[in-house]
Amino acid sequence: MNEQEDPCSEASEFVWHGSKTGGIEMFEPRQAHDAGGGKGQSEKAVYAAYDPNFAIAMGLTEPDENGEEDKFIDHKKKPLQLVLLKGKIREGQKIYLYKLPKQLFETVEGNENEAMSKVEMKPCEVKELNVDDYLNLVRIGTDEDQAYWDEQIAKAQNETPT
392 MNEQEDPCSE ASEFVWHGSK TGGIEMFEPR QAHDAGGGKG QSEKAVYAAY
442 DPNFAIAMGL TEPDENGEED KFIDHKKKPL QLVLLKGKIR EGQKIYLYKL
492 PKQLFETVEG NENEAMSKVE MKPCEVKELN VDDYLNLVRI GTDEDQAYWD
542 EQIAKAQNET PT
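Heads up, the sequence shown is in this note's numbering, so the first residue is 392 and it goes up one at a time.
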């Protein structure tokens with residue numbers, strides 16, 4: 392990136408990245424591993440959301456004591472909700488909401504709620520938030536949610552070339 396260019400000052404629209412980590416000075420593309428296996432979901436990229444609540448929801452949970460975490464976003468709920476099947480809610484902790492320049496991103500194929508970028512970038516702004524203020528964005532999964540998840544995983548495994 393040319394030192395003269397500042398994507399943040401040129402941006403009129405933004406996307407959002409929620410993280411458990413504060414103080415990120417540079418976002419770099421990293422390999423994603425999406426259990427759903429959707430095209431574009433497991434790229435080496437920086438991922439962000441068009442809706443700040445989506446980004447916040449992704450940082451509300453963490454793996455359980457066995458290192459396991461299964462979750463998905465229920466977009467039918469308004470506001471959306473993260474459905475936690477395995478893992479735990481990070482009650483009492485902080486989440487960091489990073490504002491990133493939208494023009495560096497493209498929509499993830501098959502997921503109009505999420506964007507990805509293959510380039511590194513500095514965040515335009517960061518807000519420190521309390522997880523407890525956003526507990527309405529997460530719920531513990533039901534048996535019906537688990538059945539939906541299992542169905543999605545099975546579909547993804549059947550679509551994976553061998």
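In this text, a Cβ means the ideal position worked out from N, Cα and C, and glycines have one as well.
Remember, it's a predicted structure, so these values are computed and weren't measured experimentally.
- Taking 8 Å as the upper bound for CB-CB distance, N457 and L528 are not in contact here, some 24 Å apart.
- In terms of CA proximity to Y441, K493 leads the group E511, K493, M512.
- Where E401 is concerned, the enclosing alpha helix (DSSP H) starts and stops at 398 to 401.
- In the structure shown, E511 falls within a coil segment according to DSSP collapsed to helix, strand and coil.
- Straight-line spacing of the CA atoms in K479 and D524 works out to 16 Å.
- Going by DSSP, F445 is part of the alpha helix (DSSP H) stretching over 443 to 449.
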